Amino acid sequence: MVMQAREVNTKTIASVTLQVLKTKIFPLASLAAAALNSLASDADIFGLYKSTDAYRAEMLIKPWHGELRINFIGGSSTKAGANTSADCEAVADGKIDKGIVRAKLIPFEGTKSSLSQLDIDKMNNHIEIKIHRKNAVVTGSFEYCGLGNSLSGNYRKIY
């Protein structure tokens, strides 16, 4: 009889604890996670971003003929020192939808590098930028950049 009462108490305590967690803590945690992970509004994305990874890179997002123009420069490793590869550049045009920019590389002549339409046609041409308030995560095809160079990764908005 004592054993049955103890089992009931354990089950009751577990049930009550679970109910408290569901009603009090989980909603707060999910709200906090949603706030941190919420995508920026489409109007808040313009500006200069700097890489927060081990690569020195900058990204500038600006309005351009009803779309977006995204300029990248940098991408060499800060850890490589004198052995670092040359910086890389990229220019892309794209559109934003609900905080996500989808863009394609375009031909350009830069000060550090250039890219022709012929080069672009040979690669998987896509760039995606998820903007979370003051941060951005860039993924995409920058394979024409030298080894030890990356324009993908995490960025923080400077202005």
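Residue numbers (my numbering): 32 to 190. A virtual CB, placed ideally from N, CA and C, is assigned to each residue, including glycine. Because the structure is a prediction, the values reported are computed rather than measured.
Integer Cβ distance of residue i from residue j, believed to fall under 8 Å
i	j	result
G125	A134	3 Å
S107	N180	6 Å
K161	I131	5 Å
D84	G184	4 Å
Alpha-carbon to alpha-carbon, residue j and residue i
i	j	result
V122	I137	6 Å
K110	I76	29 Å
C119	N102	11 Å
K165	M90	13 Å
K129	K188	18 Å
A65	R100	Since pLDDT at A65 reaches only 46, below the 50 mark, its modelled position is unreliable, and no value is offered.
S145	K153	15 Å
A151	R87	It is worth fixing the name first, because residue 151 is Ile in this sequence and not Ala. So the two alpha carbons sit approximately 24 Å from each other.
E174	H157	11 Å
F139	H163	28 Å
W95	I127	12 Å
Y80	S147	25 Å
N- and C-terminal bounds of the beta strand (DSSP E) containing residue i
i	result
D128	119-128
L136	131-136
L182	No beta strand (DSSP E) holds L182; DSSP gives it neither H nor E.
I151	Note, I151: premise wrong, no beta strand (DSSP E); alpha helix (DSSP H) at 148-152.
S108	98-108
N166	166-171
E159	158-163
S82	78-82
A88	86-95
heavy atom of the ligand HEM below 8 Å from residue i C-beta
i	result
E89	In terms of ligand content, the structure shown is empty, and the ligand HEM therefore cannot be addressed.
Closest Cα partner of residue i within the set the options
i	options	result
C176	I104, I189, E159	I104
E159	S145, R87, Y186, A85	Y186
G82	E174, S172, S145, A167	Before going further, note that residue 82 is Ser rather than Gly in the sequence given. If we check each option's Cα against that of S82, A167 comes out closest.
Beta-carbon gap between residue i and residue j smaller than 9 Å
i	j	result
L149	V169	no
G97	Y190	no
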